[in-house]
Each structure stands twice: as C-alpha cells, then as structure tokens.
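To get the working numbering, take the position in the sequence shown, counting from 1, and add 1.
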Amino acid sequence: MITGDLSDRLKIGRQIAAITTAFMLPVSTSGQAIAVSVFAVLALLTLDRERLLSTLRSPQGYLPILLFALLLVGVLWSMQPLGAAIKWVGPYTKLLLIPLVMATGFTRREALQIGYGFLAACLILLALSWTYLLWPSGPWGWFRDPGVPVKDNAVQSECFALCAFALASGAFKVWRRDDQTRAMVMTVLAILFFANIFLILFSKTGILIALSLLALLLIQNWSWQRMALVVLPALFIIALSQLVSAPAQLRRDQVLTDLAALSRQQQPTPDAQQNASPREQKDATAGQPISAPKSPAETISTSSRLDFWSKAAIFVKQAPLFGHGTGSIRPLYQSMEATRPSPYGEAVADPHNQFLHIVLQVGLVGGLLLLAMWASHAWMFLGRDFASALGLAVVLQNFVGSLFNSHLSQVTQGMLYCLAVGLLGAIVMTAKARATPSDH
Numbered sequence: 002m003i004t005g006d007l008s009d010r011l012k013i014g015r016q017i018a019a020i021t022t023a024f025m026l027p028v029s030t031s032g033q034a035i036a037v038s039v040f041a042v043l044a045l046l047t048l049d050r051e052r053l054l055s056t057l058r059s060p061q062g063y064l065p066i067l068l069f070a071l072l073l074v075g076v077l078w079s080m081q082p083l084g085a086a087i088k089w090v091g092p093y094t095k096l097l098l099i100p101l102v103m104a105t106g107f108t109r110r111e112a113l114q115i116g117y118g119f120l121a122a123c124l125i126l127l128a129l130s131w132t133y134l135l136w137p138s139g140p141w142g143w144f145r146d147p148g149v150p151v152k153d154n155a156v157q158s159e160c161f162a163l164c165a166f167a168l169a170s171g172a173f174k175v176w177r178r179d180d181q182t183r184a185m186v187m188t189v190l191a192i193l194f195f196a197n198i199f200l201i202l203f204s205k206t207g208i209l210i211a212l213s214l215l216a217l218l219l220i221q222n223w224s225w226q227r228m229a230l231v232v233l234p235a236l237f238i239i240a241l242s243q244l245v246s247a248p249a250q251l252r253r254d255q256v257l258t259d260l261a262a263l264s265r266q267q268q269p270t271p272d273a274q275q276n277a278s279p280r281e282q283k284d285a286t287a288g289q290p291i292s293a294p295k296s297p298a299e300t301i302s303t304s305s306r307l308d309f310w311s312k313a314a315i316f317v318k319q320a321p322l323f324g325h326g327t328g329s330i331r332p333l334y335q336s337m338e339a340t341r342p343s344p345y346g347e348a349v350a351d352p353h354n355q356f357l358h359i360v361l362q363v364g365l366v367g368g369l370l371l372l373a374m375w376a377s378h379a380w381m382f383l384g385r386d387f388a389s390a391l392g393l394a395v396v397l398q399n400f401v402g403s404l405f406n407s408h409l410s411q412v413t414q415g416m417l418y419c420l421a422v423g424l425l426g427a428i429v430m431t432a433k434a435r436a437t438p439s440d441h
C-alpha cells in the first residue's frame, strides 16, 4: 500500500513537472532547465520496464540514443582538448529525452494537460506582443525585442507557428463534431498566432516554418472549402504585413539585397575574380540602400549562411566518414579566417544547418543517423488522428528550421522537438499497440 501510494505521488509530481516544463519552454531558459531536470528524475523513478524495452527496440527510440552515443565517442578524435570537446556533447543530451518520454506512457488526458501548459504560455506572450503593437509607447522597456517579451523572435515565432497549426487542425476536427462556437474561437486564435509571426518581428526562418506548416495543414485537411478558409486569410495577412509592417518590409529588402549581391559575386570581372577577397566582395555591398543590421542575430544573412555552407563543404571533403570530432567546428572555421574571413566578422561555431553541424563533427555516419531519426519519427506520425497530425508538424518544423539553423542543438527548439516527439509518440504507439490485437 505504501509502495502504491508513493508511486501515485511520484506520477502526480511527474505530471506537474511535465506541465511546468511545457509552460517554461517559450518563457524561460532557466525555468525550462529546472523543470525538465525534475521531470527526468521523476520519469526515471516511474518507468515501466516492459514499455521501456519496447521503446528501445523501435527505431524511433534507439536512433536518438545512437546519435548521442556517436557524438560522445566523437570527442576521442576532436581537434579540441578532451575537456573542451566534451562540452559540445551537452547540447545533444536532450536526445535521450525522446525514448525516456516515449517510455513514460502518458495518457491522452495527461498529454492534453501538458499541451495546455504550452498553449497557456504562448497565449500570454501573444497577448503581450499584440498589446505592444497596439500600444507601442507603453511600459515595454523590459521586452527583449519589439513585440518579443522574452527569449527571442526565433523561439517566439516557431512556438506561435506550432500553436497556430494545432489550433487550426483542432478547429477542423471540432467543427466536424458540430461544436461551431469552439471551432470559431480556435480559428480566431490560430489567425492571431499566424498574423503575429508576419507583423511583429519578421524572421525568415520563422516565415518558412509557418508556411510549411500551413501547407501541411492543407494536405492533412484537403478540400476546396477548407483550402479557401486557410489560404485566403493567410494571403491577406502576408499582403498586410508587406504594407504596414516595417520589420517585414526591412526583411524583404534585406533578402533582395542579399540575392542581388550574390548575383554580382557570381559574375565578377576576370581581374576582380582573381584579386578580390571575400571581405572585399562583402564590402562592395555596403552602399546598398538598406538599414544596417541592428543586432548580431540579423547579421546572419543569406550571404553569410552561404559562406558558412561553402566552407563546410570543404571541411566535409577532408574527413567525410567520421568527421573532425565533436567540438571541432570553431577550430575548422578559424583555420580559414586568414584566407576567407567570415562575413559574420569572426569564426563561428555553428554552420547554421543541423545536418552540417552533425557531419562536421562525426561525419556522414552521423548525418545518416540524423536523417534516419527524422524519417523514423515522421513515419511514426503518418496517421489521421490529432496526435499524429501534430507530431508530423513538429518533425516538419524541426526539419525546415534545421535547414537554416542547428535546431536540435539549440536550447528551446531542440527541447521542444525532443519532448513533443516523445510525448506524441507515446500516444501514437500506445494507440497502435491497442489496435493490433483487434486487427488480428
């Protein structure tokens, strides 16, 4: 009896910690770290042995562990000293949460409560962000950026995109059950989340993620009527952002200037091609009629990323199979600073692409493990239920974001992926396990 009471209390504590973690994800990095640490301990104490073994036998469970193990072993051939190299394993420790959360076996009700925790935090941020837009002279000096109360615009826009997708997808399902009032409320909230991404602080990656999730929503709920309901408001919001949003207009001009500069660099005169350095090519674009970046994050432009990727291709050719070792990214870029200075102004420790972030350290073996992990998680969510729809959106969001940033290694985006895939994967795998006996 005592053991049973203790187990029940631990499970209640685990659920509270999980909800707190979900709430803290878009709000506080330190709060997120504390909450997820408490959750991980309680999850380990309440694990079901049979469910854990079943999870570890599935590729969705063991591939994240293999990728983490390879990165851990990769410190042995790193360009960095062992102490410095081992620190680079830390950002990927969160991969171990995927099988842990999947093995925890949350019920649908528990998963919904955790989702509500995440949505509640995003709604608070949404209200503050829109209030700033309507009252810009208000007491917003504590905001991190205009319209961004906490963390940064990349985190906020990606959390908002996921909320918009979940609310819109849920609205379609609720409408079919003749609960029109609830469906309309969810639709309005989805539009507010989506519009905020375009109107507040325009992020190129955030926009691509939002549009990708919009396309997925149309595919999952295809009909001409639904397409009109989704596409027309989206087009109106995009057009409105280009007319009234200064950040959106500035970002559009930055992208066009980047593309024009790249076009000129690809067609230099023969003499300039032989004599001009990358630094001089970069300086040649300084006279363009566009405001200079106002923060370090804004200097990571299209041309900068292409420079990172072209150098990364050289590094991959040098050690294709097992890479240069965990933690070797910064030394690699530093080795080219004398001949090809970074447009960012200094050697970076991030190629701004998740695949390259893995391949530079542990080679194509690690890159294939990463792709296999994404594919296995996407395959797991190829269902028609709400958990599968949302799970596929999480995978797509991480994949698209990882084309331009190293999302798995980042604090919030990586944690969001690992916890969401684990939670939704647990729901989907439980449903499949229950359906299997009846099928036979």
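For each residue, glycine too, the CB sits at the ideal point set by N, CA and C.
In whole angstroms, what is the alpha-carbon distance linking residue i and residue j?
i	j	result
alanine 394	glutamine 411	18 Å
tryptophan 375	glutamine 414	15 Å
valine 175	leucine 365	44 Å
serine 130	alanine 169	20 Å
tyrosine 93	arginine 177	41 Å
alanine 432	phenylalanine 387	12 Å
tryptophan 141	glutamate 159	22 Å
threonine 206	glycine 402	6 Å
valine 156	proline 321	32 Å
alanine 313	arginine 183	49 Å
aspartate 443	leucine 43	One cannot answer for residue 443 here, as it falls past the ends of the chain, which runs 2 to 441.
leucine 11	leucine 46	8 Å
aspartate 146	proline 137	12 Å
leucine 193	asparagine 154	16 Å
leucine 57	alanine 434	15 Å
isoleucine 3	isoleucine 13	Because isoleucine 3 sits at a pLDDT of 49, beneath the cut-off of 50, its placement in the model cannot be relied upon, and the following sentence gives the value as read from the coordinates. Going by the C-alpha atoms only, they are around 15 Å apart.
glutamate 51	glutamate 338	53 Å
valine 317	glycine 62	28 Å
leucine 54	proline 60	12 Å
valine 232	glutamine 181	20 Å
leucine 83	leucine 73	11 Å
leucine 190	alanine 235	13 Å
Taking Cβ to Cβ, would you say residue i is nearer than 9 Å to residue j?
i	j	result
isoleucine 330	glutamine 362	yes
phenylalanine 107	leucine 371	no
leucine 98	methionine 381	no
glutamate 111	alanine 41	no
leucine 68	glycine 426	no
isoleucine 1	phenylalanine 237	With the chain covering only 2 through 441, there is no way to say anything about residue 1.
alanine 390	glutamine 221	yes
leucine 420	valine 102	yes
leucine 163	leucine 214	yes
valine 396	alanine 373	no
alanine 172	threonine 188	yes
glutamine 16	glycine 326	no
phenylalanine 144	leucine 217	no
lysine 95	leucine 409	yes
Between which residues of its own chain and residue i is the CB-CB distance below 6 Å, once the five residues before and five after are set aside?
i	result
tyrosine 334	Ala348 and Val349
aspartate 351	Ser407
Quick one: using the 10 Å Cβ neighbour count with 16 as the cut-off for buried, is residue i buried or exposed?
i	result
isoleucine 359	buried
alanine 240	exposed
methionine 185	exposed
isoleucine 428	buried
isoleucine 315	exposed
threonine 340	exposed
isoleucine 115	buried
glycine 328	buried
alanine 104	buried
leucine 71	buried
aspartate 308	buried
For residue i, I'd like the list of residues in its chain whose CB is within less than 7 Å of its CB, leaving aside the five on either flank, ordered along the chain.
i	result
serine 296	With a pLDDT of only 41 at serine 296, under 50, the local geometry of the prediction cannot be trusted, and no value is derived from it.
phenylalanine 400	Trp375
glycine 148	Ser130, Tyr133, Leu134, Ile201 and Leu202
leucine 64	Leu370, Ala373, Met374 and Ser377
leucine 404	Asn354
alanine 36	Ala18, Thr21, Thr22 and Met25
How would you write the range of the alpha helix (DSSP H) that residue i sits in, first residue to last?
i	result
threonine 132	109 to 135
glutamate 51	50 to 58
phenylalanine 194	181 to 200
arginine 177	154 to 177
arginine 385	Neither: arginine 385 is in no alpha helix (DSSP H) and is coded neither H nor E.
tryptophan 375	355 to 381
alanine 80	It is methionine, not alanine, that sits at residue 80 in the sequence shown. No alpha helix (DSSP H) holds methionine 80; DSSP gives it neither H nor E.
lysine 95	Lysine 95 -> no alpha helix (DSSP H), and no H or E assigned at all.
proline 332	330 to 335
glutamine 221	205 to 221
threonine 340	Segment: none, threonine 340 is in no alpha helix (DSSP H) and carries neither H nor E.
serine 31	30 to 46
What do you reckon, is the C-beta of residue i under 8 Å from a heavy atom of the ligand GTP?
i	result
tryptophan 136	This structure lacks the ligand GTP; in fact it carries no ligand of any kind.
Might you give, ordered along the chain, the residues of its own chain that have their beta carbon closer than 8 Å to the beta carbon of residue i, omitting 5 neighbours on each side?
i	result
proline 27	Phe119, Ala122, Cys123, Leu126, Val151, Lys152, Val156, Gln157, Cys160 and Thr413
leucine 7	none
alanine 436	none
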